[in-house]
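First comes the structure, then the notes that go with it.
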Amino acid sequence: MKKPARAPLTPTDLPVGILLAAGFGKRFDATGTRNKLLEVLPDGRTVAWRSARTLAAALPNSIAVVRPGNAALAEELRRGGCRVVEAPDAEAGMGVALRAGVAATAEARGWVVALADMPWLPMELVRAVALTITTPETIAAPWRDGKRGHPVGFGAAWRDALLKLDGDEGARALLTDQPVTRILTEDDGPFRDIDTPGDLAPRSR
Numbered sequence: 019m020k021k022p023a024r025a026p027l028t029p030t031d032l033p034v035g036i037l038l039a040a041g042f043g044k045r046f047d048a049t050g051t052r053n054k055l056l057e058v059l060p061d062g063r064t065v066a067w068r069s070a071r072t073l074a075a076a077l078p079n080s081i082a083v084v085r086p087g088n089a090a091l092a093e094e095l096r097r098g099g100c101r102v103v104e105a106p107d108a109e110a111g112m113g114v115a116l117r118a119g120v121a122a123t124a125e126a127r128g129w130v131v132a133l134a135d136m137p138w139l140p141m142e143l144v145r146a147v148a149l150t151i152t153t154p155e156t157i158a159a160p161w162r163d164g165k166r167g168h169p170v171g172f173g174a175a176w177r178d179a180l181l182k183l184d185g186d187e188g189a190r191a192l193l194t195d196q197p198v199t200r201i202l203t204e205d206d207g208p209f210r211d212i213d214t215p216g217d218l219a220p221r222s223r
């Protein structure tokens, strides 16, 4: 007897994507006049658009967290496919921005947290992290050569812990203290961010 076809996943079956785009990028430009997320990549797209597009393509219910007053950045993230959420206290650090993202999507079945200055994430890997969240207690992340990469997925059981985050540590303490399901990869994207202007250039093969 033929098994019935499995219904395709809908956006509500998947975790919510959270793109953290509220940082100051001081190592990129100490003067604060250049926002690295609005810099243009070799493909002609901005860092913000590329990061948002990858996350939204993998997870249609994706949001981006920004500081208030960043209209140009917010518009670029919307163009990439993310709903924009403001974090008024984002200057306190990444933990505050992540907390704001979780609070805005508190009913989600989980979250896949990506950083907006990592535009080379493969969409398939983002999706793989999302699909690995099979229980509320799951934490999942890409792994290569003993190192954890991004994005990081959290099941719904971690809601309260994520809502208590503060400062610039983000969810690092959770990742240190709890077991993480490893998604092995050879891809460079989960480990490559934009820290300085030189990081915008394509890498030689």
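This note's numbering applies: residue 19 is where the sequence shown begins, and numbers increase by one. C-beta: ideal position from N, C-alpha, C; glycine also. Values in this document were obtained by computation on a predicted structure and should not be read as measured data.
Does DSSP classify residue i as helix, strand or coil?
{"i": "K182", "result": "coil"}
{"i": "T203", "result": "coil"}
{"i": "F209", "result": "helix"}
{"i": "V147", "result": "helix"}
{"i": "R190", "result": "helix"}
{"i": "A108", "result": "helix"}
Where do the ends of the beta strand (DSSP E) carrying residue i lie?
{"i": "V58", "result": "Premise fails: V58 is in no beta strand (DSSP E) and is neither H nor E."}
{"i": "W129", "result": "128-133"}
{"i": "G35", "result": "34-38"}
{"i": "A219", "result": "Here A219 belongs to no beta strand (DSSP E), and DSSP marks it neither H nor E."}
{"i": "W161", "result": "157-162"}
{"i": "V84", "result": "80-84"}
In whole angstroms, what separates the C-alpha of residue i from that of residue j?
{"i": "L56", "j": "A92", "result": "10 Å"}
{"i": "P60", "j": "L218", "result": "8 Å"}
{"i": "L116", "j": "R96", "result": "18 Å"}
{"i": "P106", "j": "P137", "result": "24 Å"}
{"i": "Q196", "j": "L180", "result": "13 Å"}
{"i": "L73", "j": "V114", "result": "20 Å"}
{"i": "A158", "j": "W67", "result": "25 Å"}
{"i": "E104", "j": "I201", "result": "31 Å"}
{"i": "P160", "j": "E142", "result": "12 Å"}
{"i": "V65", "j": "K54", "result": "7 Å"}
{"i": "A39", "j": "V83", "result": "5 Å"}
{"i": "V58", "j": "R85", "result": "20 Å"}
{"i": "D211", "j": "A148", "result": "21 Å"}
{"i": "G128", "j": "R52", "result": "33 Å"}
{"i": "A124", "j": "N88", "result": "24 Å"}
{"i": "W176", "j": "K182", "result": "10 Å"}
{"i": "G35", "j": "G164", "result": "25 Å"}
Between residue i and residue j, is the Cβ-Cβ spacing less than 9 Å?
{"i": "V131", "j": "H168", "result": "yes"}
{"i": "P215", "j": "A126", "result": "no"}
{"i": "E109", "j": "F46", "result": "no"}
{"i": "A76", "j": "R145", "result": "yes"}
{"i": "G111", "j": "D184", "result": "yes"}
{"i": "A63", "j": "G99", "result": "The question names Ala, yet the displayed sequence has Arg at residue 63. Contact: no."}
{"i": "S69", "j": "R101", "result": "no"}
{"i": "L37", "j": "L192", "result": "no"}
{"i": "D186", "j": "D135", "result": "no"}
Where do the ends of the alpha helix (DSSP H) carrying residue i lie?
{"i": "W176", "result": "From DSSP, W176 is part of no alpha helix (DSSP H); its letter is neither H nor E."}
{"i": "R71", "result": "65-76"}
{"i": "R96", "result": "89-98"}
{"i": "A118", "result": "112-122"}
Give the C-beta separation of residue i and residue j to the nearest angstrom, bearing in mind that I take them to be a contact with Cβ-Cβ under 8 Å.
{"i": "L139", "j": "P208", "result": "6 Å"}
{"i": "G173", "j": "T156", "result": "4 Å"}
{"i": "E94", "j": "R162", "result": "With a Cβ gap of about 29 Å, E94 and R162 do not count as contacting."}
{"i": "T150", "j": "G171", "result": "6 Å"}
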